[in-house]
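> Let me begin by handing over the structure; questions about it come next.
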Amino acid sequence: MHTLSVAELSKSLKNKEFSSVELTQHYLDRISHSDLNAFITVTDDLALSQARAADAKLANGSGSVLTGIPFAHKDIFCTKGVKTSAGSKILDPFISPYDATVSHKLNIENLVMLGKTNCDEFAMGSSNENSFYGPVKNPWNKTMVPGGSSGGSAAAVAGRLTPFATGTDTGGSIRQPSSLCGITGIKPTYGRVSRYGMIAYASSLDQAGPLTQTAEDAALVLNAIAGFDEKDSTSALRDVPDYTKTLRDSIKGLKIGIPKEFFSEGLDSSVEKVITESIKEFETMGAKLQEISLPNSAYAIPTYYIVAPCECSSNLSRLDGVRYGYRCEDPKNMDDLYLRSRSEGFGDEVKRRIMIGTYALSAGYYDAYYLKAQKVRQLISEDFKKAFQNVDIIMGPVSPTTAFELGAIKDPVSMYLADIYTLSANLAGLPGMSIPAGFSNNLPVGLQMIGNYWSEEVLLNAAHQFQTQTDWHSVLPENI
Amino acid sequence: MSLNKEQVKEIAQLAKLSISDSEIEQSTIELNNILSLMAELGEIETDHVEPMSHPLDMSQRLREDVVSEADLSEEFQEIAPKTGKRHFLVPTVIE
Chain V
2 MHTLSVAELS
12 KSLKNKEFSS
22 VELTQHYLDR
32 ISHSDLNAFI
42 TVTDDLALSQ
52 ARAADAKLAN
62 GSGSVLTGIP
72 FAHKDIFCTK
82 GVKTSAGSKI
92 LDPFISPYDA
102 TVSHKLNIEN
112 LVMLGKTNCD
122 EFAMGSSNEN
132 SFYGPVKNPW
142 NKTMVPGGSS
152 GGSAAAVAGR
162 LTPFATGTDT
172 GGSIRQPSSL
182 CGITGIKPTY
192 GRVSRYGMIA
202 YASSLDQAGP
212 LTQTAEDAAL
222 VLNAIAGFDE
232 KDSTSALRDV
242 PDYTKTLRDS
252 IKGLKIGIPK
262 EFFSEGLDSS
272 VEKVITESIK
282 EFETMGAKLQ
292 EISLPNSAYA
302 IPTYYIVAPC
312 ECSSNLSRLD
322 GVRYGYRCED
332 PKNMDDLYLR
342 SRSEGFGDEV
352 KRRIMIGTYA
362 LSAGYYDAYY
372 LKAQKVRQLI
382 SEDFKKAFQN
392 VDIIMGPVSP
402 TTAFELGAIK
412 DPVSMYLADI
422 YTLSANLAGL
432 PGMSIPAGFS
442 NNLPVGLQMI
452 GNYWSEEVLL
462 NAAHQFQTQT
472 DWHSVLPENI
Chain H
10 MSLNKEQVKE
20 IAQLAKLSIS
30 DSEIEQSTIE
40 LNNILSLMAE
50 LGEIETDHVE
60 PMSHPLDMSQ
70 RLREDVVSEA
80 DLSEEFQEIA
90 PKTGKRHFLV
100 PTVIE
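One line per chain: the protein sequences are V and H, in this order. Each number in the numbering used here comes from the position in the first sequence (counting from 1) with 1 added on. Each number in the numbering used here comes from the position in the second sequence (counting from 1) with 9 added on.
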């Protein structure tokens, strides 16, 4: 049953082919035999009790389409009574006293949480190697990274340890691991999904979304988690369409923009080939291709790596060893308590970003760094606004390469450069998606689709139509 | 702009992070590498560009000033490293 999609599992549960308890136990067994290190916490007992409650609802016909479906949360969503670590030692002792809105929304539909997935510490990383709980392995090749920061979620879905998982995307953290693990992932428009209870990294960039096997599943999950939330002042007061309704629409005449800057130096030629062929498939289906330009997109890296660290240096100041989380042994005074709790609790990359942000926001440097970056952010955003006057959707690679070896990239700047194609959607606040598009040297390649504001249904429709014509999304790693 | 070791120590102190003498060399190199990546932004003319602080053109919503949350103080105290009499306890600040 673990090769079935959420949509298929939903039908099977309705038809009583198996119960949610049986399904849940099957996934729990798979997780216990897995060596991917995809989970930080497995919530066996909770999962089985949730599955029993779901079975009761299914029996009396009061469940929703997602009732009884197991899933995993990235360990950055607060889950009441369950450890919520954000992949960090500093939150290792943190048992959340409340639920994130995303968690709450899935709870009220009686889904079954299998556990919390591994991730880069505070979602800072592109390889999942920055986790306090150790790196996650890529199911396609266990010597490779799964991508990050939602690497545990992506590996768990690709390894069929869960039908779907939640993730967050601040600079590519849903799309890039989805690409590297050969699954489907969508980062909605900023403001579409509530950030309440989602441990903040960079508040003007963070957005939650699902990592799934198919676009249809992504639509089902997004239906459940999207929408206005009073508890998040940046959540948008807009109606959410039923994303499953438009999946089957024809994409004849869909105008696809291909940014020439996404096919320049640095893009692996075999990745380029897969991307070009998959875009041709859309043309065969009746879409119209058009070259476009996003002239400032190369500046997305320095812009992001100023804006995000500035916001994180401010956001992470709350981790002080006083109210929750890790506190050092025998602090001598307040300064010692702050210094040692934070220095012992944070990992290297988090410290680096806090320091960069602290410097860039400090007196005398604010204009040169933060203000400058905010201005360039405006230019990057305007490039997209211009492009979307002529096209419906933008397509290109997610990542310049396929998954790389664990430990291969040690230099922080080289790691940042790999985020080149994903950062600009976050800076502009646009929805973006990764779908399986083919393979290069037996490793998956993801096609990125970027949509206009609030056009998730356009992305999901295009992705679903592609998945009716291709079967890249149903190719499984060995021994699954 | 390039940072020296003393400046890196100062930034760490501002961020309430300690850096040992053995780490300072490597940290300084890494931070300078990151800052040189950022120097690329200097190439762009932005004199007449409005800074973008947020992706959505929205203003903060206002609401009635009424209590909307239940009192969770006990739950929040339970997860704190050290508490007493409904307070979070820290080392003595004032003798």
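Idealized CB from N, CA, C, for every residue including glycine.
Determine, using beta-carbon pairs with one atom in the segment 156-169 of chain V and one in the segment 415-430 of chain V, whether at least three such pairs fall under 8 angstroms.
Put simply, the segment 156-169 of chain V does not touch the segment 415-430 of chain V. Fewer than three CB pairs are less than 8 angstroms apart.
> Take residue 294 of chain V as the anchor and find which of V:25, V:22, V:257, V:230 has the nearest alpha-carbon.
For this step, residue 294 of chain V is matched to residue 293 along the first sequence. It is V:257.
> From what residue to what residue does the beta strand (DSSP E) around residue 209 of chain V run?
The count along the first sequence starts at 1 and reaches residue 209 of chain V at position 208. Taken as a continuous stretch (DSSP letters only), the beta strand (DSSP E) holding residue 209 of chain V covers 209-213.
> Among H:15, H:70, H:26, which one has its Cα closest to the Cα of residue 229 of chain V?
Here residue 229 of chain V is taken as the residue at index 228 of the first sequence, counted from 1. Checked all of H:15, H:70, H:26; the closest Cα to residue 229 of chain V is H:70.
> Taking the DSSP output, what are the residues bridged to residue 435 of chain V?
The sequence position of residue 435 of chain V within the first sequence is 434, counting from 1. Residue 435 of chain V is bridged to V:186, V:449.
> Along chain H, in chain order, which residues have C-beta atoms closer than 8 angstroms to that of residue 304 of chain V?
The sequence position of residue 304 of chain V within the first sequence is 303, counting from 1. 50, listed in chain order.
> What's the gap between the Cα of residue 324 of chain V and the Cα of residue 408 of chain V?
Mapped onto the first sequence, residue 324 of chain V falls at position 323. Mapped onto the first sequence, residue 408 of chain V falls at position 407. Roughly 35 angstroms separates the two Cα atoms.
> Where do the ends of the beta strand (DSSP E) carrying residue 116 of chain V lie?
Here residue 116 of chain V refers to the residue found at position 115 of the first sequence. Start and end: 113-118.
> Give me the residue from V:376, V:291, V:378 with the minimum Cα distance to residue 397 of chain V.
Locating residue 397 of chain V in the first sequence gives position 396, where the first residue counts as 1. Among V:376, V:291, V:378, the Cα nearest to that of residue 397 of chain V belongs to V:291.
> Classify residue 263 of chain V as helix, strand or coil using the three-state DSSP reduction.
Position 262 of the first sequence, counted from the start, is the residue given in the question as residue 263 of chain V. Note: residue 263 of chain V maps to helix in three-state DSSP.
> Drop a sphere of 10 angstroms on the beta-carbon of residue 77 of chain H, count the other beta-carbons inside from all chains shown, and report buried for 16 or more, exposed for fewer.
Position 68 of the second sequence, counting from 1, holds the residue named residue 77 of chain H. Exposed: under 16 other Cβ atoms inside 10 Å.
> Is it buried or exposed, residue 458 of chain V, if we count other Cβ atoms within 10 angstroms and call 16 or more buried?
Position 457 of the first sequence, counted from the first residue, corresponds to residue 458 of chain V. It is buried - the Cβ of residue 458 of chain V has at least 16 other Cβ atoms within 10 Å.
> Can you tell me the Cβ-Cβ gap for residue 92 of chain V and residue 102 of chain V, rounded? I've got them flagged as a contact below 8 angstroms.
The count along the first sequence starts at 1 and reaches residue 92 of chain V at position 91. The count along the first sequence starts at 1 and reaches residue 102 of chain V at position 101. The pair is not a contact, with the Cβ atoms about 19 angstroms apart (cut-off 8 angstroms).
> Pairs of beta-carbons, one from the segment 166-179 of chain V and one from the segment 426-436 of chain V, closer than 8 angstroms: are there three or more?
Between the segment 166-179 of chain V and the segment 426-436 of chain V, the count of Cβ pairs shorter than 8 angstroms is three or higher; the stretches touch.
> For a quick check, are the C-beta atoms of residue 50 of chain H and residue 12 of chain H less than 7 angstroms apart?
Position 41 of the second sequence, counting from 1, holds the residue named residue 50 of chain H. Position 3 of the second sequence, counting from 1, holds the residue named residue 12 of chain H. No.
> Looking only at its chain, what residues have a beta carbon closer than 7 angstroms to the beta carbon of residue 163 of chain V, apart from the 5 residues adjacent to it on each side?
Your numbering for residue 163 of chain V matches position 162 in the first sequence. Counting only Cβ-Cβ distances below 7 angstroms, and skipping sequence neighbours, we find 28, 71, 72, 73, 115, 157.
> Is there at least one Cβ from chain V nearer than 7 angstroms to residue 63 of chain H's Cβ?
Here residue 63 of chain H refers to the residue found at position 54 when the second sequence is read from its first residue. Taking Cβ atoms only, chain V reaches closer than 7 angstroms to residue 63 of chain H, which makes this a yes.
> State yes or no: is the beta carbon of residue 377 of chain V nearer than 7 angstroms to at least one beta carbon in chain H?
Along the first sequence, read from residue 1 onward, the residue named residue 377 of chain V stands at position 376. Interface residue, yes.
> In the DSSP assignment, find the alpha helix (DSSP H) that holds residue 345 of chain V and state where it starts and stops.
Your numbering for residue 345 of chain V matches position 344 in the first sequence. It spans 335-346 - the alpha helix (DSSP H) in which residue 345 of chain V sits, taken as one unbroken run.
> Should residue 125 of chain V go down as buried or exposed, given a rule of 16 or more other Cβ atoms within 10 Å for buried?
Here the question's residue 125 of chain V lines up with position 124 in the first sequence. By the neighbour-count criterion, in which a residue is buried when 16 or more other Cβ atoms sit within 10 angstroms of its Cβ, residue 125 of chain V is buried.
> Below 8 angstroms on the Cβ atoms is my contact criterion, and I expect residue 40 of chain V with residue 119 of chain V to pass it. Report the Cβ-Cβ distance as a whole number of Å.
Taking the first residue of the first sequence as position 1, residue 40 of chain V is located at position 39. Taking the first residue of the first sequence as position 1, residue 119 of chain V is located at position 118. Between residue 119 of chain V and residue 40 of chain V the Cβ distance is about 6 angstroms, and since that is below 8 angstroms, they are a contact.
> Is residue 37 of chain H close to chain V? Criterion is C-beta to C-beta, closer than 7 angstroms.
Here residue 37 of chain H refers to the residue found at position 28 of the second sequence. Cβ-Cβ to chain V under 7 angstroms: no for residue 37 of chain H.
> Once DSSP output is grouped into helix, strand and coil, what is the label at residue 199 of chain V?
Counted from its first residue, the first sequence places residue 199 of chain V at position 198. Looking at residue 199 of chain V - three-state DSSP - the assignment turns out to be strand.
> Might you give, ordered along the chain, the residues of its own chain that have their beta carbon closer than 6 angstroms to the beta carbon of residue 152 of chain V, omitting 5 neighbours on each side?
The count along the first sequence starts at 1 and reaches residue 152 of chain V at position 151. 129, 137, 178.
> Could you pull the start and end residues of the beta strand (DSSP E) that residue 290 of chain V belongs to?
Counted from its first residue, the first sequence places residue 290 of chain V at position 289. Unbroken beta strand (DSSP E) run through residue 290 of chain V: 289-293.
> Under 7 angstroms, CB to CB, which of the residues in the segment 322-339 of chain V have a partner in chain H?
322, 323, 324, 325, 328, 332, 333, 334, 335, 338, 339
> Could one say the Cβ of residue 343 of chain V lies closer than 7 angstroms to chain H's Cβ atoms, at least one of them?
Numbered from 1 along the first sequence, position 342 holds the residue referred to as residue 343 of chain V. With 7 angstroms as the cut-off, residue 343 of chain V counts as an interface residue toward chain H.
> Per DSSP, what are the beta-bridge partners of residue 73 of chain V in this structure?
Walking along the first sequence from the start, residue 73 of chain V turns up at place 72. Answer is V:116, V:166.
> Tell me which residue opens and which closes the alpha helix (DSSP H) that residue 41 of chain V is part of.
Here residue 41 of chain V corresponds to residue number 40 of the first sequence, with the count starting at 1. Per DSSP, residue 41 of chain V belongs to no alpha helix (DSSP H); it is in the beta strand (DSSP E), 40-43.
> Taking a Cβ distance cut-off of 7 angstroms, strictly less, list which residues of the segment 13-41 of chain H are near chain V, in chain order.
Answer set for the segment 13-41 of chain H: 20, 21, 23, 24, 25, 26, 27, 39, 40.
> Once DSSP output is grouped into helix, strand and coil, what is the label at residue 80 of chain V?
Along the first sequence, one-based indexing puts residue 80 of chain V at 79. Coil.
> Touching or not, the segment 196-206 of chain V and the segment 313-328 of chain V, by the rule of three or more beta carbon pairs under 8 angstroms?
yes
> Go to residue 136 of chain V, then tell me how far its alpha helix (DSSP H) extends in each direction, as first and last residue.
By 1-based counting over the first sequence, the position of residue 136 of chain V is 135. Neither: residue 136 of chain V is in no alpha helix (DSSP H) and is coded neither H nor E.
> Output yes if chain H places a C-beta closer than 7 angstroms to the C-beta of residue 315 of chain V; else output no.
By 1-based counting over the first sequence, the position of residue 315 of chain V is 314. No - not a single Cβ of chain H is within 7 angstroms of the one on residue 315 of chain V.
> Identify the contact partners of residue 372 of chain V in chain H, using a Cβ-Cβ distance below 8 angstroms as the criterion.
Numbered from its first residue, the first sequence carries residue 372 of chain V at position 371. 60, listed in chain order.
> Note down, in chain order, every chain V residue with its Cβ under 9 angstroms from the Cβ of residue 53 of chain H.
Start at 1 with the first residue of the second sequence, and residue 53 of chain H comes out as number 44. 297, 300, 373, 376, 377, 380, listed in chain order.
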